[in-house]
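Chain order of the listed sequences is A and B.
To convert, note that position 96 of the first sequence is 96 in the UniProt record's numbering; the numbers rise steadily by one, no gaps.
To convert, note that position 75 of the second sequence is 75 in the UniProt record's numbering; the numbers rise steadily by one, no gaps.
Working notes for the structure below.
There are 2 protein chains.
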Amino acid sequence: MAKYSDELDTVFIALADPTRRSIIRLLSAGPAPVGTLAEPFDITLPSFMKHIRSLERAGIIHTWKAGRVRTCELDRTRLSLVDDWLADERARWNARTDRLEQLVTSPEESS
Amino acid sequence: MAKYSDELDTVFIALADPTRRSIIRLLSAGPAPVGTLAEPFDITLPSFMKHIRSLERAGIIHTWKAGRVRTCELDRTRLSLVDDWLADERARWNARTDRLEQLVTSPEESS
Numbered sequence: 001m002a003k004y005s006d007e008l009d010t011v012f013i014a015l016a017d018p019t020r021r022s023i024i025r026l027l028s029a030g031p032a033p034v035g036t037l038a039e040p041f042d043i044t045l046p047s048f049m050k051h052i053r054s055l056e057r058a059g060i061i062h063t064w065k066a067g068r069v070r071t072c073e074l075d076r077t078r079l080s081l082v083d084d085w086l087a088d089e090r091a092r093w094n095a096r097t098d099r100l101e102q103l104v105t106s107p108e109e110s111s
Numbered sequence: 001m002a003k004y005s006d007e008l009d010t011v012f013i014a015l016a017d018p019t020r021r022s023i024i025r026l027l028s029a030g031p032a033p034v035g036t037l038a039e040p041f042d043i044t045l046p047s048f049m050k051h052i053r054s055l056e057r058a059g060i061i062h063t064w065k066a067g068r069v070r071t072c073e074l075d076r077t078r079l080s081l082v083d084d085w086l087a088d089e090r091a092r093w094n095a096r097t098d099r100l101e102q103l104v105t106s107p108e109e110s111s
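The following block contains the structure:
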């Protein structure tokens, strides 16, 4: 449970940045080399690499090096952590809404 | 678009902490006073209030004061920002998977 919570922290931190979300979007088209990914962004390569490492630490992307080229690939399973967390919260919220609706509709039904 | 991106940043930052996620869970049962919400946590009230403010800044909760009691309430619409972002990424990912499947299955079909 603590591990799951730490993982969620890292994933949410990785997602809390527009450059990193753009990298995720670019990688949804398929694996790509760091150089190509960095092109649309007006930042230095070291700054860009920090974003790559944040995504890698969160497990959202995997990277590997062949010669001088580092390639990045999206790992969708990690984003499903966020999906699961949201689904869980939604279920709790809906359960409460259902209870409230019952409270509101029951008196009308018995009148 | 920039505003949407800033809002996503704030929401993801707010979600990147176990105490704040626990507060969201507690509030899914309905509005509650800060004092009651703080009880399960082994932190000082000023530290707890920082978490409340982070959630409030992100628009995930609303708070109001009546006398000496500040009450918090969850605003689910804000979490749907995350839902929408995930759905969008999932759609892009699935479109790519569909294209890959077509590439793999088409030669078999024609053989």
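Ideal Cβ placement from N, Cα and C applies to all residues, glycine included.
Listed by chain order, chain A residues near residue 9 of chain B by CB distance under 8 Å: Sequence index remark: in the second sequence, residue 9 of chain B carries index 9 (1-based). Neighbours of residue 9 of chain B on chain A, chain order: 16, 17, 18.
Can you tell me where the beta strand (DSSP E) holding residue 66 of chain A begins and where it ends? The residue labelled residue 66 of chain A in the question sits at position 66 within the first sequence. Looking at the DSSP string, the run of the beta strand (DSSP E) that includes residue 66 of chain A is 61-66.
Quick one: does residue 5 of chain B have its CB under 7 Å from some CB of chain A? As a working mapping, residue 5 of chain B is identified with position 5 in the second sequence. Yes, contact with chain A.
Under the DSSP definition of a beta bridge, which residues are partnered with residue 69 of chain B? As a first step, residue 69 of chain B must be located in the second sequence, where it is residue number 69. DSSP, once it has assigned bridges, lists B:66 as partnering residue 69 of chain B.
Can you name the residues of chain A whose CB is closer than 7 Å to the CB of residue 28 of chain B? Sequence index remark: in the second sequence, residue 28 of chain B carries index 28 (1-based). 89, 92, 93, 96, listed in chain order.
What residues of chain B sit near residue 52 of chain A, judged by a beta carbon separation below 7 Å? Within the first sequence, the letter at position 52 stands for residue 52 of chain A. Result: empty, since nearest Cβ-Cβ is about 18 Å, beyond 7 Å.
Out of A:98, A:26, A:16, A:19, which has the shortest C-alpha to C-alpha gap to residue 93 of chain B? Sequence index remark: in the second sequence, residue 93 of chain B carries index 93 (1-based). Per the Cα distances, A:26.
Below 8 Å, can you find three or more Cβ-Cβ pairs linking the stretch 39-56 of chain A to the stretch 86-104 of chain A? no
Would residue 70 of chain B count as contacting chain A if we go by Cβ distances under 7 Å? To locate residue 70 of chain B, count along the second sequence from 1; it is residue 70. It does not; no Cβ of chain A falls within 7 Å.
With a cut-off of 7 Å, does the C-beta of residue 13 of chain B fall near any C-beta of chain A? Within the second sequence, residue 13 of chain B is the residue found at index 13, counting from 1. For residue 13 of chain B, the answer is yes, since a Cβ of chain A falls inside 7 Å of its Cβ.
Contained beta strand (DSSP E) runs [length at least 3] in the UniProt domain "HTH arsR-type" (1-94) of chain B, N- to C-terminal order: 61-66, 69-74
Run the CB neighbour count on residue 58 of chain B, radius 10 Å, all protein chains shown included, and call it buried at 16 or more, exposed below. Taking the first residue of the second sequence as position 1, residue 58 of chain B is located at position 58. It is buried - the Cβ of residue 58 of chain B has at least 16 other Cβ atoms within 10 Å.
Kindly indicate if chain A contains any beta-carbon less than 7 Å away from that of residue 110 of chain B. In the second sequence, counting from the first residue as 1, residue 110 of chain B sits at position 110. With a pLDDT of 48 at residue 110 of chain B, under the threshold of 50, the modelled position of that residue is not reliable, and no figure is offered here.
Since I believe residue 46 of chain A is in contact with residue 71 of chain A (beta carbons under 8 Å), could you give me their beta-carbon distance rounded to a whole number of angstroms? Reading the first sequence from its first residue, position 71 is the one you call residue 71 of chain A. Reading the first sequence from its first residue, position 46 is the one you call residue 46 of chain A. Not really, about 19 Å apart at Cβ, beyond 8 Å.
Once you ignore the five residues that flank residue 82 of chain A on each side, which residues in its own chain have a CB closer than 7 Å to its CB? Within the first sequence, numbered from 1, the residue matching residue 82 of chain A stands at position 82. Excluding positions up to five away in sequence, the list reads 11.
In chain order, what residues of the same chain lie with their CB nearer than 6 Å to the CB of residue 62 of chain B, ignoring the 5 residues before and after it? Along the second sequence, read from residue 1 onward, the residue named residue 62 of chain B stands at position 62. So the list reads 73, 75, once near-sequence residues are dropped.
Cα-Cα, which of B:98, B:20, B:35, B:13 is closest to residue 68 of chain B? Position 68 of the second sequence, counted from the first residue, corresponds to residue 68 of chain B. Ranking B:98, B:20, B:35, B:13 by Cα distance to residue 68 of chain B puts B:35 first.
Would you say residue 42 of chain B lies against chain A (beta-carbon separation less than 7 Å)? If you number the second sequence from 1, residue 42 of chain B lands on position 42. No, no contact with chain A.
At the level of alpha carbons, what is the spacing between residue 38 of chain B and residue 20 of chain B? Within the second sequence, numbered from 1, the residue matching residue 38 of chain B stands at position 38. Within the second sequence, numbered from 1, the residue matching residue 20 of chain B stands at position 20. For residue 38 of chain B and residue 20 of chain B, the distance between alpha carbons rounds to 11 Å.
To the nearest whole angstrom, what separates the beta carbons of residue 5 of chain B and residue 18 of chain A, a pair I think is in contact under 8 Å? Translated into positions along the second sequence, residue 5 of chain B becomes position 5. Translated into positions along the first sequence, residue 18 of chain A becomes position 18. Indeed, because the Cβ distance is near 5 Å, the residues count as touching under 8 Å.
Contacts around residue 31 of chain B, its chain only, beta-carbon distance under 7 Å, and the 5 residues preceding and following it disregarded: Start at 1 with the first residue of the second sequence, and residue 31 of chain B comes out as number 31. Once the five neighbours on either side are set aside, the close Cβ partners of residue 31 of chain B are 71, 72, 73.
Through-space distance from residue 104 of chain B to residue 55 of chain A, alpha-carbon basis: Locating residue 55 of chain A in the first sequence gives position 55, where the first residue counts as 1. Locating residue 104 of chain B in the second sequence gives position 104, where the first residue counts as 1. One C-alpha to the other measures close to 29 Å.
Chain-ordered chain A contacts of residue 83 of chain B [CB-CB under 7 Å]: As a first step, residue 83 of chain B is located in the second sequence; it is residue number 83 there, counting from the start. Near residue 83 of chain B (Cβ distances below 7 Å), the residues of chain A are 86.
Would you mind telling me which residues of chain B sit closer than 7 Å to residue 78 of chain A, beta carbon to beta carbon, in chain order? Position 78 of the first sequence, counted from the first residue, corresponds to residue 78 of chain A. Those do not exist, as residue 78 of chain A stays about 12 Å from chain B at its closest Cβ, beyond 7 Å.
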